[in-house]
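Position in the first sequence (from 1) plus 766 gives the number in the numbering used here.
Only one structure is covered here, and it is reproduced in the block below.
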Amino acid sequence: MKYNHLEIEKKWQNYWYGKKVFRTPELRELDKSKPKYYVLDMLPYPSGDGLHVGHPEGYTATDIIARFKRMRGYNVLHPMGWDAFGLPAEQFAVKKEIHPRIGVDECVIRFRSQLQSLGFAYDWDREINTTDEKYYKWTQWMFLKIFNSYFDEREQKAKPIKELKIPEDLTEDEQYEYVNSQRLAYISESPVNWCPELGTVLANEEVPEQIEKGFTVVRKPMKQWKLRITKYAERLLKGLDGLEWPENIKKLQTNWIGRSEGATVKFKIESEEFKGEKDIEVFTTRPDTLFGATYMVLAPEHPYVNIITTKENRDKVNKYTETAARKSDMERTELEKTKTGVFTGAYAINPVNNEKIPVMIADYVLMGYGTGAIMSVPGHDERDMEFALKYELPIIPVVVPENMKEEELERYYNDVKTGKVCFTDNGYSVNSGFITGLPTAKAKAKVIKWLEEKRLGKGSINYKLRDWLFSRQRYWGEPFPIIHLENGKIKALKEEDLPLTLPKVNSYKPSGTGESPLALISDWVNTIDNETGLKAKRETNTMPQWAGSCWYYLRYIDPSNDEIFCSKENDEYWMPVDQYIGGSEHAVLHLLYARFWHKVLFDLGYVSSDEPFQKLFNQGMILGEDGVKMSKSRGNVINPDDVIRDFGADSMRLFLMFMGPLEATKPWNTEGLAGMNRFLNRVWRLIIDDKTGNINPNISIAESDLKQKKLLHFTIKKITHDIEDGDMKFNTSIAQLMIFVNELYKLENISISVLENLILLLSPFAPHISEELWSLLGHQETLANEKWPQYNDELTKADKITIVFSVNGKVRGKKEMDTDLEDKELEQAALDDESVRKHIYGKNIVKIIVVKNKMVNIVVK
RNA sequence: GCCCGGGUGGCGGAACUGGUAGACGCGCAGGACUUAAAAUCCUGUUCACUGCAAGGUGAGUGUCGGUUCGAUUCCGACCCCGGGCACCA
């Protein structure tokens, strides 16, 4: 009987899923004396193309961990589900003119059966789908919680909006406005990235992907929902410290949040256009260079531009702001090589020296960052320098590098003034009044103190992070549980009215006007507010795809609870996720959004952990056989179905892990895959006689000899450590299994207990063949519930060791010797070695270095 | 430009806290079995020079330099590749 992967794999998949071997019991049925382990894959999007080889790579890794932890006696939670709202499903529906639900259901069936054909040990009873009404009811519920919360700055946490202190002496309308201005979810009219082809707005971070696909993106002012993630900037940053995440992902998030310390400084404005006092605040990270500020620049969108611009400058300013508004972010940054700007006719007064400096507008200053206005210090900022040179604005050096010699100073000043040198590092302040002579750090502190005393500014921290653009003009997403009353006010639905389900529509195409297709369904849109009897229209935007995946890991824990998204008891037992694995393409977006969402739930008391994902690992990409990214157009896509049919799921799993460390990007190789199949065949024939189907006659129940034992125990140790240490280098585990099998082939008699252990060690990697061999050896039950083999550390040590003899660092001889010999014995053995003697003959021995159990190095001259 | 990774045989990769570079697999070459092929098994496989041979000598982990008895591993400078950010003041 030959190894027949098709038959065996089908058989064991039916067994596992039929008997629900990997079902995680309800909390009350669980043996809570055991430790828990929550191992999670990133929620896949079930696309029409089916599974890609990249998917099973990460899933195999988590599956190995899940099966291993289970055998180690943990209560393991290993679930799977679907992220199915969003553009791809909707575009498929538009094209085929079917309801997106139909397409999604088909894709889910396909994905599920593909995943099952790989034998993954998921608990399918906990499967979730973000597009189920029962699921998105809770997404909407959480949105209401966010909407009905504000951020308490003092405590740095979200609180229910009911607890918000409303300033007295406000009218009813003002109170309403004030409350809305504090909510964590709010509507704002601001320029957004509008994509005419898709008929929707895109978040900044989604823009590059769509442009790559050939779509155009333009700036357009629109009313949009946003979530106040910026309030959590500091906590999102600090929280990274305690997480066991790859350093580069932490760095990526850190850069994305982009914290910078500095000061805001008020400048008085003088303009013929108005009388009285007006200030403009700027943000700077270098308050120590304030004496070198020679002009001010406002972003074209700055609200003061219209107010301060003088008559004679109005035309060119208007022209400039209009051009800037039409440009997309892309054009304003990347495509722009030289800086442009115009003079407003107004002047600002530098608070430290009362110098009158011109106020310019230029689109190299961004409205979205800081205050939308800067003080320009061309001597010590490259962008300002470039602009100053072009428009012939003065440059004043106010910082000198450390260690600059006196005789070099004159030349340095000249170089800065003429634009030859732009020194942006820290140094010492010069020409700077009361901070002259101070090093940069001290100068900064002194200026901030001075500004604060005079109430002209203050120390300040800025973040690059922007609020999360949370609405899309699409059909296929969670509807907002919000109505717009005829009196112009907005109102949230009550929790008991959830879910607010999607209505049936005739067309899923965007309305074209910038509104979602929902806007055309008047039955659905028009409603009446029960409380006030006022007519109302429903919000027709839907939530972005990220919403559902912000909390799915909580639903797995308690998937059928109708009372709450997840009970407190379940949350406390299972959270946080112990190991999270997915692609690094989600390094900032999903992982940052989910952390934010989770922190809000934490602040409001719905979850017990501050961070959801304790340990994170990013799998690398799998390239085509030609070493480039797999793509349909290149025709180098590997279909997992074909691989499983030709070589089997076990071979595929094994090869995916054997290719290299999990995080590495590596090319697929079908011949390498065949090698894995060959290895499994060798394991099979080690135990089973190909012709008769019987167990090989050289296998006996006799106790194994010491050599076998040592090999076994060494292998157990190696594999146990490999899975436990979190490095995800399963390639070396598999190599060790191969060595083990190769050695066993050399033996005349093999102990059955050694083979049983081999099968158990192999089982997390190649579970189907392992189950089959296990049962052929006479076991009635699945090995999934067996105990993981234990090793005796004494037996993992070799008793003979090859000692290397070298002369002047060059290997000249080696000898098998007992372990733990004294230095003197090793030294003598080296000196006795024939080849060593040849190389030291006639030379002086300077020194002999002995490294126990390793080597002897003789230094001669 | 800035911030992360990474450069090891023909290929994927291995090498514990500085101590035999190339584990394991693929490929390739030779051999065995076979009428033949497939499958399987055995042997070899970093490069150069040298030897009939066992072997010997030298070089070698992107480049150059340093520390050390000894460096893929530590330090410095540079080159190349991949990823991320990109006028964030």
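Glycine included, each C-beta is placed from N, C-alpha and C at the ideal position.
When the Cα of residue i is compared with those of the options, which residue comes out closest?
| i | options | result |
| --- | --- | --- |
| ASN1447 | ASP1407, GLU1469, ILE1535, GLY1371 | ILE1535 |
| VAL819 | GLU919, PHE788, THR1431 | THR1431 |
| LYS1208 | SER1195, GLY814, ASN1072 | SER1195 |
| THR1716 | ILE1074, ILE1073, GLU1078, THR1106 | Only positions 767 to 1627 of the chain appear in this structure, which leaves residue 1716 out of reach. |
| ASP1665 | LEU1268, PHE788, GLY965 | Here the chain covers residues 767 to 1627 and nothing more, so residue 1665 does not appear. |
| LEU1503 | GLU1514, ILE1485, ASP1493 | ILE1485 |
| ARG1411 | LYS1395, LEU772, THR1548 | LEU772 |
| GLY824 | GLN880, ARG1603, VAL1118, LEU1422 | LEU1422 |
| VAL1063 | LEU1549, THR1137, LYS786, ASN959 | THR1137 |
| MET1387 | GLN779, HIS821, LEU1357 | HIS821 |
| PRO812 | PHE858, MET767, SER1326, LEU1452 | PHE858 |
| VAL1520 | ASP1559, SER1470, GLU1560 | SER1470 |
| PHE834 | MET1151, ILE1489, GLY1042 | ILE1489 |
| GLU1429 | SER1350, LYS1604, ILE932, ASN1228 | SER1350 |
| THR1060 | LYS1613, ILE1140, GLU1013 | ILE1140 |
| LYS1255 | TYR1511, LEU1300, GLU1600 | LEU1300 |
Could you tell me the alpha carbon to alpha carbon distance between residue i and residue j, rounded to whole angstroms?
| i | j | result |
| --- | --- | --- |
| VAL1354 | TYR1274 | 30 Å |
| LEU1101 | VAL1031 | Its pLDDT being 47, under 50, LEU1101 is placed unreliably in this model, and the value from its coordinates should be taken loosely. Cα-Cα distance, rounded: 31 Å. |
| LYS735 | ASN1574 | This structure gives no information on residue 735, because the portion of the chain shown stretches from 767 to 1627. |
| GLU963 | LEU1266 | 28 Å |
| ILE894 | VAL1071 | 52 Å |
| GLN880 | VAL870 | 15 Å |
| ARG1025 | ASP1263 | 41 Å |
| LYS1077 | ILE1035 | 16 Å |
| ILE1611 | GLU1582 | 24 Å |
| ASP1392 | HIS844 | 34 Å |
| ASP1181 | VAL1187 | 5 Å |
| ILE1161 | ASN1021 | 31 Å |
| ILE875 | GLY1005 | 38 Å |
| GLN906 | THR1308 | 10 Å |
| LEU1251 | GLU1305 | 10 Å |
| GLU1335 | SER799 | 15 Å |
| GLU1218 | ASP935 | 30 Å |
| GLY980 | GLY965 | 14 Å |
| ILE1500 | ALA1532 | 10 Å |
| GLU1600 | LEU1539 | 51 Å |
| THR1498 | PRO866 | 44 Å |
What does the Cβ neighbour count give for residue i, buried or exposed, with the cut at 16 atoms within 10 Å?
| i | result |
| --- | --- |
| SER1037 | buried |
| PRO810 | buried |
| LEU1002 | buried |
| SER883 | buried |
| VAL1622 | buried |
| GLY1492 | exposed |
| ILE1347 | buried |
| GLN1546 | exposed |
| GLY1608 | exposed |
| GLU1244 | buried |
| ILE1330 | exposed |
| THR1585 | exposed |
| MET1341 | buried |
| TYR1372 | buried |
| ALA1468 | exposed |
| ILE1023 | buried |
Among all the DSSP beta bridges, which residues are the ones paired with residue i?
| i | result |
| --- | --- |
| CYS961 | THR966 |
| HIS1250 | ILE1256, LYS1303 |
| ALA1128 | GLY1107 |
| THR1308 | ARG1238, PRO1245 |
| GLU955 | LYS989 |
At which residue ranges does the segment 1510 to 1596 contain complete beta strand (DSSP E) runs of 3 or more residues, listed in the order of the chain?
1566 to 1573, 1576 to 1584
Enumerated in chain order, which unbroken segments of the alpha helix (DSSP H) with a length of 4 residues or greater are wholly contained in the segment 1422 to 1504?
1436 to 1453, 1472 to 1490
Which runs of the alpha helix (DSSP H) at least 4 residues long sit entirely within the segment 1062 to 1088? Give them in chain order.
1071 to 1074
What are the start and end residues of each continuous alpha helix (DSSP H) run of 4 or more residues lying completely inside the segment 874 to 938, in chain order?
899 to 913
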